[in-house]
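In what follows, a single structure is set out as structure tokens and then discussed.
Residue numbers (my numbering): 1 to 268.
Structural data, given as structure tokens:
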């Protein structure tokens, strides 16, 4: 029985061991807390640096913020990139496209007249044909035109000139077909296109989109010339006297060369 009873010295030794063990545990806990604090501090500093870098990057992206807007301003190109970065399904959503345009219009203080060009440049490319995909995104352009009122059609046509002549010149052979589609969908009237082509009317000269050379080159495109010729022929036929109705009906069934070319381009 005596072998189970500890002497006073043994008891004191055990107490000292426990104290030392407890002290060691406490020191370890303090070290861990210090390490955690250092990690938090480092993470916070990294976040602050990241935020600063992001601000600097955005600042560089819109370094022309004090300059006048042009069709190739960095702010314009930035929004075009945002639209191009959308997935194919997101591009089909006119609401999504308009949300992106509206967000950056406010952020970069972009005048409304440039929104047509942004939409054209962001949505259409050699890989995403403007002719084939116009029906998908037509509502985007209708919304933009309505937001500007009557002057919207001027800005849309000016944007089309810049798009086919300066931005996507490789697609210029489709310009006439594209204009025909817009006339067919009542975005433009045939009268408006004919008067513009014949220089009877001038588009918005006060707009930053105004580019006389691009408009001239658009008129000179073979597909545009043929389309306007076709429009004029159709307009002339509709104005003929009632006595020639039978002849008009027969002529209307015959496809002239311009009509044939337009049909072939659309069917591609």
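Glycine included, C-beta positions come from ideal geometry on N, C-alpha and C.
Through-space distance from residue j to residue i, alpha-carbon basis
{"i": "residue 193", "j": "residue 183", "result": "8 Å"}
{"i": "residue 266", "j": "residue 133", "result": "Below a pLDDT of 50, predicted positions are generally treated as unreliable, and residue 266, at 46, falls in that range; the measurement from the model is reported next regardless. Roughly 11 Å separates the two Cα atoms."}
{"i": "residue 114", "j": "residue 216", "result": "20 Å"}
{"i": "residue 218", "j": "residue 70", "result": "19 Å"}
{"i": "residue 74", "j": "residue 197", "result": "31 Å"}
{"i": "residue 161", "j": "residue 204", "result": "13 Å"}
{"i": "residue 206", "j": "residue 110", "result": "16 Å"}
{"i": "residue 95", "j": "residue 222", "result": "35 Å"}
{"i": "residue 37", "j": "residue 108", "result": "40 Å"}
{"i": "residue 246", "j": "residue 236", "result": "For residue 246, the pLDDT reaches just 49, beneath the cut-off of 50, and the residue's location in the model is therefore unreliable, leaving the point undetermined."}
{"i": "residue 83", "j": "residue 32", "result": "48 Å"}
{"i": "residue 233", "j": "residue 172", "result": "23 Å"}
{"i": "residue 26", "j": "residue 41", "result": "Since pLDDT at residue 26 reaches only 46, below the 50 mark, its modelled position is unreliable, and no value is offered."}
{"i": "residue 201", "j": "residue 112", "result": "22 Å"}
{"i": "residue 72", "j": "residue 39", "result": "45 Å"}
Residue i and residue j closer than 9 Å at C-beta
{"i": "residue 79", "j": "residue 105", "result": "yes"}
{"i": "residue 174", "j": "residue 188", "result": "no"}
{"i": "residue 158", "j": "residue 123", "result": "no"}
{"i": "residue 227", "j": "residue 176", "result": "yes"}
{"i": "residue 76", "j": "residue 117", "result": "yes"}
{"i": "residue 230", "j": "residue 199", "result": "no"}
Status (buried if at least 16 other CB within 10 Å, exposed otherwise) for residue i
{"i": "residue 212", "result": "exposed"}
{"i": "residue 87", "result": "exposed"}
{"i": "residue 67", "result": "exposed"}
{"i": "residue 130", "result": "buried"}
{"i": "residue 167", "result": "buried"}
{"i": "residue 35", "result": "exposed"}
{"i": "residue 127", "result": "exposed"}
Cβ-Cβ separation, residue j to residue i (assumed contact under 8 Å), whole Å
{"i": "residue 91", "j": "residue 97", "result": "7 Å"}
{"i": "residue 145", "j": "residue 156", "result": "6 Å"}
{"i": "residue 138", "j": "residue 185", "result": "6 Å"}
Which runs of the beta strand (DSSP E) fall wholly inside the region 171–242 and span at least 3 residues, in chain order?
none
Curious, which full-length beta strand (DSSP E) runs of at least 3 residues does the region 60–94 contain?
Taking only runs of at least 3 residues, no beta strand (DSSP E) segment lies wholly in the region 60–94.
Alpha helix (DSSP H) runs contained entirely in the region 125–149, provided each spans 4 or more residues:
130–148
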